[in-house]
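Structure first, commentary second.
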Amino acid sequence: MLPGMMTEPTFLILTALAATPQHGYGVVEDVLRISEGRVRLRAGTLYGVLDRLRTDGLIEVDREEIVQSRLRRYYRLTGVGAQALAEETTRLRRNATAAANRLRRSGLLPKEGLA
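Written as structure tokens, this is what we have:
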């Protein structure tokens, strides 16, 4: 499991794979959708993260197929990966709640501004 906090690309890749096994291009497109266009993964970044996540046991290869003479590898989240994603989600939610509460108390954020 990953120690400490995850990078945003790692978090978004795991989030994409939580829905269904996907190949690299599918992950790139899903991360773009999940992040509402803020995060655009480059191939080098994606495959570096995927390799590290496989080594850490957070994802695994679901299947491989040949499409137009090229290997397409699909990845899926493991149980360990789902647990790591859930823990990171909880950590981020707690941090966001603490920040919103402090902003409200300081008067910098209206009470109805954030959850």
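Quick note, the numbering used here runs 17 ahead of the 1-based positions in the sequence shown.
Note that CB positions come from ideal geometry on N, CA and C, so glycine has one too.
Predicted model, so just to flag it, every value in this text is computed and none were measured.
Next on the checklist: Given a cut-off of 8 Å on the beta-carbon distance, is the pair I76 and L94 in contact?
Outcome noted: Start at 1 with the first residue of the sequence shown, and residue 76 comes out as number 59. Start at 1 with the first residue of the sequence shown, and residue 94 comes out as number 77. Against a cut-off of 8 Å, the Cβ pair of L94 and I76 comes out as a contact.
Item to check | Proximity test, Cβ basis, 8 Å: S86 and chain D | outcome: In the displayed structure, chain D is absent; only one protein chain is listed.
Item to check | Nearest-angstrom Cβ-Cβ length linking R89 and E81, presumed shorter than 8 Å | outcome: Taking the sequence shown and counting its residues from 1, one reaches residue 89 at position 72. Taking the sequence shown and counting its residues from 1, one reaches residue 81 at position 64. Correct: roughly 7 Å between the Cβ atoms.
Item to check | Where Y92 falls, given that 16 or more other Cβ within 10 Å makes a residue buried | outcome: For the purposes of this step, residue 92 is taken as residue 75 along the sequence shown, with counting starting at 1. Per the 10 Å Cβ criterion, buried.
Checklist entry - In whole angstroms, what is the alpha-carbon distance linking R110 and R71? => result By one-based count along the sequence shown, residue 110 stands at place 93. By one-based count along the sequence shown, residue 71 stands at place 54. Those two C-alpha atoms are separated by around 26 Å.
Checklist entry - Would DSSP call V56 helix, strand or coil? => result Reading the sequence shown from its first residue, position 39 is the one you call residue 56. Here V56 sits in coil by DSSP.
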